[in-house]
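Read the structure below first, then the notes.
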Amino acid sequence: MKSPDDYNNELERRERELRQKEIELRLRELDSDVNGKNIQFYQTTKDQPDKLEKPWKQKTILGLKLFGLGVAALVAVRIASVLAGVIIVGMLAFVAYKLFFDNKKA
Numbered sequence: 001m002k003s004p005d006d007y008n009n010e011l012e013r014r015e016r017e018l019r020q021k022e023i024e025l026r027l028r029e030l031d032s033d034v035n036g037k038n039i040q041f042y043q044t045t046k047d048q049p050d051k052l053e054k055p056w057k058q059k060t061i062l063g064l065k066l067f068g069l070g071v072a073a074l075v076a077v078r079i080a081s082v083l084a085g086v087i088i089v090g091m092l093a094f095v096a097y098k099l100f101f102d103n104k105k106a
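Going by the UniProt record's numbering, the sequence shown opens with residue 1, and the numbers climb by one from there.
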């Protein structure tokens with residue numbers, strides 16, 4: 001008669017063998033699936049934009065960006081100069097008011 005340990009060991013051995021057979025069967029199925037299909041490969045090519053159009057378009061866009069930046073800088077300088085003028089005139093008016101028109105009650 002077999003002991004319970006021998007019986008358990010035998011069951012574990014059979015389970016391992018069964019799992020190993022299942023794994024081998026699954027691997028064979030996967031291998032047949034992969035090798036059985038006709039996979040089509042397509043030759044890819046790099047997109048080649050027109051060589052003649054590209055340089056002048058890029059230069060035109062760069063020129064327009066530079067022109068826009070210049071216009072924005074000029075507008076910013078004009079606004080800053082007008083604002084500085086208003087501040088200077090306001091400060092002069094305030095100083096004149098304080099010097100000539102402010103009543104000293106002391």
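No residue lacks a Cβ here, since even glycine has one placed at the ideal position from N, Cα and C.
Compute the distance between the beta-carbons of residue i and residue j, then report whether it is under 9 Å.
| i | j | result |
| --- | --- | --- |
| K2 | E12 | no |
What's the C-alpha gap between residue i and residue j?
| i | j | result |
| --- | --- | --- |
| Y7 | D31 | 36 Å |
| V75 | F67 | 12 Å |
| V34 | I61 | 51 Å |
| G96 | A80 | The sequence given here places Ala at residue 96; Gly does not occur at that position. Approximately 24 Å between the Cα atoms of the pair. |
| Q20 | R28 | 12 Å |
| I87 | L99 | 18 Å |
| D102 | G70 | 46 Å |
| D47 | K65 | 27 Å |
| K59 | V82 | 35 Å |
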